[in-house]
Amino acid sequence: MPKRGKKYKNAVSVVDRQKITDLNEALENVLKAKFAQFDESVDIAVRLGVDPRHADQMVRSSVVLPNGTGKTARVLVFAKGEKEKEALNAGADYAGAEEFIEKIKGGWLEFDKTIATPDMMGEVGKIGRILGPRNLMPNAKLGTVTFDVERVVNEIKKGKVDFRVDKAGVVHAVMGKCSFGVEKLIENIVVFVDKLIQLKPSTSKGIYLRAISVSSTMGPGFKVDPLQMRSLVKSA
Numbered sequence: 032m033p034k035r036g037k038k039y040k041n042a043v044s045v046v047d048r049q050k051i052t053d054l055n056e057a058l059e060n061v062l063k064a065k066f067a068q069f070d071e072s073v074d075i076a077v078r079l080g081v082d083p084r085h086a087d088q089m090v091r092s093s094v095v096l097p098n099g100t101g102k103t104a105r106v107l108v109f110a111k112g113e114k115e116k117e118a119l120n121a122g123a124d125y126a127g128a129e130e131f132i133e134k135i136k137g138g139w140l141e142f143d144k145t146i147a148t149p150d151m152m153g154e155v156g157k158i159g160r161i162l163g164p165r166n167l168m169p170n171a172k173l174g175t176v177t178f179d180v181e182r183v184v185n186e187i188k189k190g191k192v193d194f195r196v197d198k199a200g201v202v203h204a205v206m207g208k209c210s211f212g213v214e215k216l217i218e219n220i221v222v223f224v225d226k227l228i229q230l231k232p233s234t235s236k237g238i239y240l241r242a243i244s245v246s247s248t249m250g251p252g253f254k255v256d257p258l259q260m261r262s263l264v265k266s267a
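The opening position of the sequence shown corresponds to residue 32 in my numbering, with each subsequent residue numbered one higher.
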């Protein structure tokens, strides 16, 4: 097991990590237990009743959080002509075609998200081995392969979060910053979990939301009652 520092152990000692609580109390515990000197992110982990080994049970999508993530993503758009201009006017940090593909081949990776118009995917595919392992490849399922460049750039800048279930059936995502406070974090989490529920595969049997926990970047995780979370989503 990894060794934990004194600050982490002190943070854990002030709360009961094994107790399953409502979302409000869990987030209050997250903020109480944070100890880093920077504004930590707040993360959520949701274990789903799916088997990701089966293609029809893969849960993958994106959602725009109402309060954003607290970080403004640097956006690169692969586009030409009018779509390149549209991307820059919408607030993209970079937009262009072959010149950026060549820069990336040379090791340049100063961006967080990518978008591509469909006509550019043939060229972008040439750097798939670079972008793919870093989760930077434009993807039609996530809405980042599109001619509607302006809308997608705006969504990413406002706080669009991409997510996918891992091999263990768990979805991880950033829900904001500790400085947001409990109320804004709850608003973001409700929207996120609502999206997960909408994506429930028809082949998934039994309990879908099996376990939920929230934590800060450096702090311990706290368990949230999935039934209470579902009722929060319904009442939203």
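The beta carbon of each residue, even a glycine, is placed where N, CA and C say it ideally should be.
Closest in C-alpha terms to aspartate 82, from the list Ala242, Thr234, Gly101, Val245, comes Thr234. Under the three-state reduction of DSSP output, methionine 152 falls in the helix class. Residue pairing from DSSP places leucine 107 in a beta bridge opposite Tyr125, Thr145. Shown here, isoleucine 238 sits in coil according to DSSP, grouped into three states, outside any helix or strand. When the beta-carbon positions are compared, methionine 206 and valine 73 come within less than 7 angstroms of each other. A distance below 7 angstroms between beta-carbons, with the five flanking residues on each side excluded, links proline 164 to no residue of its chain. In the DSSP secondary-structure assignment, isoleucine 243 is bridged to Val77, Val255. Taken through DSSP and simplified to helix, strand or coil, methionine 168 comes out as coil.
DSSP places phenylalanine 69 outside both helix and strand once states are collapsed to three, so it counts as coil.
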